[in-house]
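Participant: This is the structure, below, for whatever I ask next.
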Amino acid sequence: MKLCPTGHATHPQWRMAASLALAQLRGYMALPGYADMPNLGLLYITDHYASEAQAILDFFSAELPTVTDWSGTVGVGVCASGAEYFDEPALALMLLELPVDQYRVFSGVAPLPRTGSSSGFTAHTALVHADGHTPDLPGLIAEMAERTSSGSVFGGLAASRGPRVQFAVSGAGTVAGQGAASGVFHGGLSGVAWGAGLGLITQVTQGCQPVGPRHHITAAQDNVVLALDGEPALDVLLRTLGVSLQADPHQAVERVRGLLAGLTDPTKSYPLPTVQHPGHLGADVRVRHIVGLDGIRRGIALADQVQPGMGLQFCQRHAAAARADLVRICTEVREELAPDLAPLPQRHITGAIYVSCSGRGGNHFGAPGAELQLLRHALGDVPLVGFFAGGEIAGQHLYGYTAVLTVFTAPEAPDISD
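According to the UniProt record's numbering, the stretch in the sequence shown is residues 1 to 418, in order.
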């Protein structure tokens with residue numbers, strides 16, 4: 001797989017931004033080692049451009065005739081290698097040159113076939129863009145993951161103060177079921193499925209710091225945690241924070257407002273160990289808001305359904321912990337690409353997709369663009385594109401306050417200089 005050309009720009013007028021990005025793409029396409037006949041494009045726009053989504057797609061489709069397949073969505077921000085455009089009119093895109101039997105663009109009108117179908121294509125994993133207002137979205141994500149041989153997908157939810165658009169064009173409209181679809185969709189899921197022949201590595205980085213040990217949910221109803229480790233859940237929460245509703249209710253409520261809850265599946269083995277590395281929740285933890293306290297039942301209401309057997313750990317947003325965890329996953333990616341033990345060959349990154357929570361963008365990392373600068377410093381100056389989402393997708397689950405990094409890899413070219 002060749003290096004992926006990228007382009008990104010900001011401008012009040014979308015056509016100017018698109019022209020600037022197009023010039024960057026063409027510059028990369030002329031360089032040795034970069035794709036010069038790309039057939040797949042990933043396109044991300046900020047919500048300032050959401051109403052012009054069709055015009056933007058038509059512009060790039062006309063200017064890049066070899067690109068017959070498109071996928072993407074809208075976010076409150078977009079990003080590229082070392083660059084972040086948050087809450088401003090901007091777009092970012094990446095072009096890939098891939099074997100046609102190693103990917104499929106899917107959407108609501110051209111869905112991803114189930115594993116083992118007669119389509120001739122087996123999805124190993126998939127990049128998924130979704131509308132957060134879609135009914136039973138967690139179930140749809142899990143069902144989408146089951147359509148892949150790995151049982152795992154990655155991506156994020158569209159984030160927009162206007163239309164929550166998605167881009168999905170497959171084979172210039174020739175795929176069965178797509179018909180005269182324009183390529184701009186609203187609602188549901190869309191994305192790109194990848195074949196097993198492509199080298200991909202996906203990592204999840206958390207943006208929160210643990211507060212206290214992990215607990216075992218022993219009683220729950222709907223979205224209310226009633227007991228943790230056999231004790232009333234509210235009592236465990238107050239003890240963790242060192243506050244009392246009776247002594248100082250105002251202080252207790254203020255402390256709880258800054259707290260979140262990290263959940264793990266009931267399929268995990270218990271008892272869960274306490275955190276050994278402060279600042280790292282683990283990729284299996286899904287962070288959810290605490291939406292209320294039940295004083296009568298001594299319970300805690302969360303913004304998700306819970307059940308006995310799940311793990312729960314209180315946590316809070318923490319910029320330093322987010323920075324440290326981002327560096328950690330980049331280090332693990334680099335170590336996987338360059339194993340110490342022969343005869344495993346070294347590999348290099350040809351492109352990367354980064355989906356970060358909209359709550360991490362802007363100044364959360366200390367300054368505008370600091371998250372992407374840190375990512376480039378830790379991972380290297382690799383081709384990268386992505387967006388700031390309303391929720392992140394990894395494995396079979398929907399996350400919050402996280403970022404999902406996926407890199408495309410290829411074998412290192414042999415050294416023929418001697």
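Glycine included, C-beta positions come from ideal geometry on N, C-alpha and C. Every value quoted in this text rests on a predicted model; they were computed, and no experiment measured them.
Would you report the Cα separation of Glu88 and Gln307, rounded to the nearest angstrom?
Facilitator: On the sequence shown, position 88 is the one that residue 88 refers to. On the sequence shown, position 307 is the one that residue 307 refers to. Approximately 41 angstroms, taken between the alpha carbons.
Participant: Under 8 angstroms: do the stretch 32-47 and the stretch 131-140 share three or more Cβ pairs, one atom per stretch?
Facilitator: No, because fewer than three Cβ pairs between the stretch 32-47 and the stretch 131-140 fall closer than 8 angstroms, the two stretches do not touch.
Participant: Can you give me the Cβ contacts of residue 429 inside the same chain, cut-off strictly under 6 angstroms, excluding the 5 residues immediately before and after it?
Facilitator: Residue 429 lies beyond the range of the chain shown here (1 to 418); nothing can be said about it.
Participant: On a Cα-Cα basis, can you pick out the residue from Glu52, Phe167, Thr68, Val100 that is closest to Val109?
Facilitator: The residue labelled residue 109 in the question sits at position 109 within the sequence shown. Val109 has its Cα closest to that of Phe167, out of Glu52, Phe167, Thr68, Val100.
Participant: Mind checking whether Leu137 and Leu93 have CB atoms under 8 angstroms apart?
Facilitator: Here residue 137 is taken as the residue at index 137 of the sequence shown, counted from 1. Here residue 93 is taken as the residue at index 93 of the sequence shown, counted from 1. It is not a contact, given that the beta carbons lie outside the stated cut-off.
Participant: Taking only the alpha-carbon atoms, compute the straight-line gap between Leu226 and Leu245 and give it to the nearest angstrom.
Facilitator: Counting from 1 along the sequence shown, the entry for residue 226 is found at position 226. Counting from 1 along the sequence shown, the entry for residue 245 is found at position 245. Using only the alpha carbons, I get a separation of about 17 angstroms.
Participant: Could you check if Cys4 is buried or exposed, using at least 16 other CB atoms within 10 Å of its CB as the buried criterion?
Facilitator: Stepping through the sequence shown from its first residue, residue 4 is reached at position 4. So Cys4 counts as buried.
Participant: For a quick check, are the C-beta atoms of Gly386 and Ile349 less than 8 angstroms apart?
Facilitator: Residue mapping note: residue 386 aligns to position 386 of the sequence shown, counting from 1. Residue mapping note: residue 349 aligns to position 349 of the sequence shown, counting from 1. Going by C-beta atoms, Gly386 is not nearer than 8 angstroms to Ile349.
Participant: Going along the chain, which residues of its own chain have a beta-carbon closer than 8 angstroms to the beta-carbon of Gly187, five neighbours each way excluded?
Facilitator: Counted from its first residue, the sequence shown places residue 187 at position 187. Correct list, in chain order: Gly108, Asp131, His133, Thr134, Arg164.
Participant: Expressed to the nearest angstrom, what Euclidean distance is found between the alpha-carbon atoms of Ala378 and Glu371?
Facilitator: For the purposes of this step, residue 378 is taken as the residue at position 378 of the sequence shown. For the purposes of this step, residue 371 is taken as the residue at position 371 of the sequence shown. If you take the alpha carbons of Ala378 and Glu371, they lie about 11 angstroms apart.
Participant: In terms of alpha-carbon separation, which member of Arg334, Thr46, Gln251 lies closest to Tyr85?
Facilitator: To locate residue 85, count along the sequence shown from 1; it is residue 85. Answer by Cα proximity: Thr46.
Participant: Touching or not, the stretch 182-197 and the stretch 297-311, by the rule of three or more beta carbon pairs under 8 angstroms?
Facilitator: Segments in contact, no.
Participant: State the CB to CB distance for the pair Thr406 and Phe121, rounded to an integer number of angstroms; the pair is presumed to be in contact (CB under 8 angstroms).
Facilitator: Along the sequence shown, one-based indexing puts residue 406 at 406. Along the sequence shown, one-based indexing puts residue 121 at 121. The Cβ separation is near 19 angstroms, so there is no contact.
Participant: Based on the DSSP secondary-structure assignment, which residues constitute the bridge partners of Glu392?
Facilitator: Taking the first residue of the sequence shown as position 1, residue 392 is located at position 392. Paired residues: Gly156, Tyr399.
Participant: Look up Glu52 in the DSSP assignment and say whether it is helix, strand or coil.
Facilitator: What you label residue 52 is simply residue 52 of the sequence shown in a count that begins at 1. Residue state, collapsed to three classes: helix.
Participant: Which term fits Met144, buried or exposed, when burial requires 16 or more other beta carbons within 10 angstroms of its beta carbon?
Facilitator: Residue numbering aside, residue 144 sits at position 144 when the sequence shown is read from its first letter. Buried is the call here.
Participant: Taking the straight line between their C-alpha atoms, what separation do you get for Thr402 and Trp194?
Facilitator: Translated into positions along the sequence shown, residue 402 becomes position 402. Translated into positions along the sequence shown, residue 194 becomes position 194. Near 23 angstroms, if we compare the C-alpha coordinates of Trp194 and Thr402.
Participant: Please work out which residues of its chain come closer than 7 angstroms, Cβ to Cβ, to Arg26, disregarding the five sequence neighbours upstream and downstream, and give them in chain order.
Facilitator: Stepping through the sequence shown from its first residue, residue 26 is reached at position 26. Taken in chain order, the list of residues that qualify is empty.
Participant: I'd like the list of long-range same chain contacts for Arg104, defined as Cβ closer than 6 angstroms, with 5 residues on each side in sequence excluded.
Facilitator: Here residue 104 refers to the residue found at position 104 when the sequence shown is read from its first residue. Phe121, Ala193, listed in sequence order.
Participant: If you measure between the beta carbons of Gly77 and Ser358, is that distance less than 8 angstroms?
Facilitator: Start at 1 with the first residue of the sequence shown, and residue 77 comes out as number 77. Start at 1 with the first residue of the sequence shown, and residue 358 comes out as number 358. Result yes, Cβ atoms of Gly77 and Ser358 sit closer than 8 angstroms.
Participant: Please work out which residues of its chain come closer than 7 angstroms, Cβ to Cβ, to Gly391, disregarding the five sequence neighbours upstream and downstream, and give them in chain order.
Facilitator: If you number the sequence shown from 1, residue 391 lands on position 391. Cβ neighbours of Gly391 beyond the five flanking positions: Gly132, Gly156, Leu157, Leu398, Tyr399, Gly400.
Participant: Quick one, are the C-beta atoms of Phe365 and Ala319 less than 8 angstroms apart?
Facilitator: Within the sequence shown, residue 365 is the residue found at index 365, counting from 1. Within the sequence shown, residue 319 is the residue found at index 319, counting from 1. Their beta carbons are under 8 angstroms apart, which means Phe365 touches Ala319 by this criterion.
Participant: How close, in whole Å, do the beta carbons of Leu260 and Gln209 come, if the pair is a contact with beta carbons under 8 angstroms?
Facilitator: On the sequence shown, position 260 is the one that residue 260 refers to. On the sequence shown, position 209 is the one that residue 209 refers to. That pair is no contact at about 10 angstroms.
Participant: Which of helix, strand or coil does DSSP assign to Thr73?
Facilitator: As a position in the sequence shown, residue 73 is number 73, starting the count at 1. It is a strand residue.
Participant: Should Ile329 and Ile141 be called a contact, given that it needs their Cβ atoms to be closer than 8 angstroms?
Facilitator: Against the sequence shown, residue 329 aligns to sequence position 329. Against the sequence shown, residue 141 aligns to sequence position 141. Contact flag unset, no.
Participant: Take Gly311 as the anchor and find which of Gln206, Asp101, Leu263, Leu98 has the nearest alpha-carbon.
Facilitator: Residue numbering aside, residue 311 sits at position 311 when the sequence shown is read from its first letter. Looking at the Cα atoms, Leu263 is the closest of the given residues.
Participant: Under 7 angstroms: does the beta carbon of Ala62 sit that close to some heavy atom of the ligand HEM?
Facilitator: What this structure holds is no ligand at all, so the ligand HEM is not there to describe.
Participant: Taking the beta carbon of Thr331 as the centre, do at least 16 other beta carbons fall within 10 Å, making it buried, or is it exposed?
Facilitator: For the purposes of this step, residue 331 is identified with residue 331 of the sequence shown, where counting begins at 1. Thr331 should be labelled exposed.
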